[in-house]
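Worksheet: the structure to be examined is printed underneath.
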Amino acid sequence: MNPLKSDEYPAIYADYIENVVGSVIDELQEQLTTFPAFIRGIPADRGDFTYAEGKWTVKEVLCHILDTERVMAYRALRFARNDMTELAAFEQDEFVQHARHNERSFEHIAEEFIALRQSNLLLFDTFNETELARKGMASGRLVTVKAFMYVIAGHLTHHRIILKERYLSNENIEHVENLV
């Protein structure tokens with residue numbers, strides 16, 4: 001796969017994309033193992049924890065990662081299949097508000113992530129260079145299929161860092177450092 005170029009994505013995604021070092025496929029595959037381990041390592045009593053009023057809980061952040069991966073993979077699929085219909089934005093706060101994430105177990109969230117990521121890796125494997133380079137409009141911004149793969153990987157990394165620094169920093173430091 002050719003490297004991602006800055007004209008393949010809007011600036012709003014730059015922070016996520018910069019989180020991907022090396023091969024995006026390698027990063028996506030590595031996360032397939034490390035992220036479920038991270039989720040399973042979070043103490044059960046931290047699921048409903050939020051570090052400040054109005055912020056999402058640990059479980060809401062984890063499920064936001066899943067929702068975002070689904071949306072970005074769907075966008076990638078549409079554009080890869082040459083469907084150039086402009087795709088609307090999704091309102092992440094509405095997704096979280098209406099999803100009942102706090103009723104779920106960490107184990108269920110981890111299992112859902114594994115199934116979702118495996119499915120997306122199989123999908124991404126079907127894209128050739130022409131399909132990866134296709135562009136479309138999503139949320140009013142021009143973006144390539146390949147860029148969505150980077151966004152998926154980098155978005156997860158972004159939120160894993162936030163979880164470690166803001167949500168889990170009060171835990172045993174040794175335990176938190178061992179969360180991959």
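For the sequence shown, position 18 matches number 18 in UniProt numbering, and the numbering has no gaps at all. Beta carbons are placed, not taken as given, at the ideal position from N, Cα and C, and that holds for glycine.
Nearest to residue 184 (by Cα), restricted to the options Ser119, Gly41, Val96: Outside the modelled stretch of the chain, which goes from 1 to 180, sits residue 184, for which no answer is possible.
Distance between Asp125 and Ala11 (C-alpha atoms, nearest Å): Rounded to the nearest angstrom, the two C-alpha atoms are 26 angstroms apart.
Assigned exposure category for Asn2 - 16 Cβ within 10 Å defines buried: When all chains shown are included, Asn2 counts as exposed.
Integer Cβ distance of Glu127 from Met72, believed to fall under 8 angstroms: Reading off the sequence shown, one finds Phe at residue 127, where the question assumed Glu. Incorrect: roughly 14 angstroms between the Cβ atoms, too far for contact.
Contacting residues, own chain, Cβ-Cβ under 8 angstroms from Tyr167 (five flanking each side not counted): The answer, listed in chain order, is Arg46, Phe49, Thr50, Tyr51, Val58, Val61.
For Met137, the first and last residue of its enclosing alpha helix (DSSP H): No alpha helix (DSSP H) contains Met137, which is instead part of the beta strand (DSSP E) from 135-138.
Rounded Cβ spacing between His64 and Gln31 (contact assumed at less than 8 angstroms): The Cβ separation is near 15 angstroms, so there is no contact.
Residue ranges of each alpha helix (DSSP H) within the UniProt domain "DinB-like" (28-160), 4 or longer: Entirely contained in the UniProt domain "DinB-like" (28-160), the alpha helix (DSSP H) runs reaching 4 residues are, in chain order, 58-80, 92-97, 106-125, 129-133.
First through last residue of the alpha helix (DSSP H) which encompasses Ile17: Per DSSP, Ile17 belongs to the alpha helix (DSSP H) from 14-18.
Three or more C-beta pairs below 8 angstroms linking the segment 31-44 and the segment 101-110: At 8 angstroms Cβ cutoff, the stretches touch.
Three-state secondary structure (DSSP) of Val21: Here Val21 carries a coil assignment [DSSP, helix/strand/coil].
Three-pair Cβ contact test at 8 angstroms for the segment 79-94 versus the segment 12-24: With the cut-off at 8 angstroms, the segment 79-94 and the segment 12-24 do not touch.
Identity of the residue in Leu156, Ala138, His159 nearest Tyr9 by Cα: Nearest neighbour of Tyr9 by Cα position, chosen from Leu156, Ala138, His159, turns out to be Ala138.
With 16 other Cβ atoms within 10 Å as the buried cut-off, status of Ile152: Around the Cβ of Ile152, a 10 Å sphere holds 16 or more other Cβ atoms; the residue is buried.
Local conformation of Leu168 per DSSP, three classes: In the structure shown, Leu168 sits in coil (DSSP, three-state: anything other than H, G, I, E or B).
For Leu4, three-class secondary structure by DSSP: Coil at Leu4, not helix or strand.
Alpha carbon of Ser169 to alpha carbon of Leu163, nearest angstrom: Cα to Cα, Ser169 sits roughly 8 angstroms from Leu163.
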